[in-house]
Amino acid sequence: AQSVTQPDIHITVSEGASLELRCNYSYGATPYLFWYVQSPGQGLQLLLKYFSGDTLVQGIKGFEAEFKRSQSSFNLRKPSVHWSDAAEYFCAAYSGYSTLTFGKGTMLLVSP
Amino acid sequence: DSGVTQTPKHLITATGQRVTLRCSPRSGDLSVYWYQQSLDQGLQFLIQYYNGEERAKGNILERFSAQQFPDLHSELNLSSLELGDSALYFCASSVGVRLDNTGELFFGEGSRLTVL
Numbered sequence: 001a002q003s004v005t006q007p008d009i010h011i012t013v014s015e016g017a018s019l020e021l022r023c024n025y026s027y028g029a030t031p032y033l034f035w036y037v038q039s040p041g042q043g044l045q046l047l048l049k050y051f052s053g054d055t056l057v058q059g060i061k062g063f064e065a066e067f068k069r070s071q072s073s074f075n076l077r078k079p080s081v082h083w084s085d086a087a088e089y090f091c092a093a094y095s096g097y098s099t100l101t102f103g104k105g106t107m108l109l110v111s112p
Numbered sequence: 001d002s003g004v005t006q007t008p009k010h011l012i013t014a015t016g017q018r019v020t021l022r023c024s025p026r027s028g029d030l031s032v033y034w035y036q037q038s039l040d041q042g043l044q045f046l047i048q049y050y051n052g053e054e055r056a057k058g059n060i061l062e063r064f065s066a067q068q069f070p071d072l073h074s075e076l077n078l079s080s081l082e083l084g085d086s087a088l089y090f091c092a093s094s095v096g097v098r099l100d101n102t103g104e105l106f107f108g109e110g111s112r113l114t115v116l
């Protein structure tokens with residue numbers, strides 16, 4: 001079955017440190033891939049997306065993600081985390097049918 | 001502000017009752033999607049409407065139904081409510097019936113349903 005896995009439920013990072021959130025997908029063919037962010041009390045906002053081409057994708061708020069076909073991964077990164085980045089992050093995939101399939105999310109906590 | 005409006009923001013009701021959640025999509029968007037977010041299940045796709053017609057169904061219970069009206073707003077009806085239906089219900093919209101071109105869903109802030 002098609003699925004998106006985010007192995008980490010919670011991650012704590014010190015402010016100013018680098019961040020990497022993991023995402024793996026299981027699809028027959030490479031799907032379109034997305035990262036969304038959900039701040040407390042808010043809806044989900046798109047950070048970035050990968051359709052094809054360059055495997056390193058730049059997004060908003062200083063985030064980037066790298067697509068690795070060999071590892072079926074699409075990990076999200078940020079060089080220096082700010083306290084305002086504390087939120088829940090969702091990886092999602094789209095195979096051309098219906099709508100996005102989301103991972104269960106990773107809660108990012110930022111420590112001073 | 002995504003441009004997607006959901007009402008009510010919070011709703012508390014009792015088991016066995018029926019509620020209606022309302023969604024107005026972004027201006028120009030023809031597709032509306034409903035998602036349920038709970039701690040144990042995560043974000044689960046319920047149903048999609050495009051220009052008034054049902055286009056895709058996900059894990060939607062038979063006690064739940066939805067529709068999209070000519071003005072493109074959508075309603076999600078939840079009936080015979082159970083404790084386990086307590087969740088955050090999101091509406092999202094997109095321009096077309098598929099996500100290939102832009103790939104972006106625009107989400108509302110959600111309606112939090114508590115069933116007591």
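Those protein sequence lines, which keep their order, are chains A and B. If you use this note's numbering, the first sequence corresponds to residues 1 to 112, in order. If you use this note's numbering, the second sequence corresponds to residues 1 to 116, in order. Backbone N, C-alpha and C define an ideal beta-carbon position, used for all residues, glycine too.
{"Query": "Closest Cα partner of A:Leu-46 within the set B:Ala-66, B:Phe-107 and B:Leu-39", "Result": "B:Phe-107"}
{"Query": "Below-8 Å beta-carbon distance, A:Lys-104 vs any chain B residue", "Result": "yes"}
{"Query": "Where B:Arg-55 falls: helix, strand or coil (DSSP)", "Result": "strand"}
{"Query": "Close-in-space but distant-in-sequence residues of the same chain around A:Gly-105 (CB under 7 Å, 5 per side omitted)", "Result": "Gln-6, Glu-88, Tyr-89 and Phe-90"}
{"Query": "Reduced DSSP secondary structure (H/G/I, E/B, other) of A:Gln-71", "Result": "helix"}
{"Query": "Whole-angstrom C-beta distance between A:Val-57 and A:Leu-48, which should lie under 8 Å", "Result": "5 Å"}
{"Query": "With 16 other Cβ atoms within 10 Å as the buried cut-off, status of A:Gly-103", "Result": "buried"}
{"Query": "Contact check, B:Leu-11 vs A:Thr-99, beta carbons under 8 Å", "Result": "no"}
{"Query": "Straight-line Cα distance separating A:Ala-1 from A:Glu-20", "Result": "26 Å"}
{"Query": "Beta carbon of B:Lys-9 nearer than 8 Å to that of B:Ser-94", "Result": "no"}
{"Query": "Sequence ranges, alpha helix (DSSP H) only - wholly within the stretch 31 to 78 of chain B, length at least 4", "Result": "none"}
{"Query": "Local conformation of B:Ser-93 per DSSP, three classes", "Result": "strand"}
{"Query": "Own chain, CB closer than 6 Å to B:Ala-56, minus 5 neighbours either side, in chain order", "Result": "Gln-48"}
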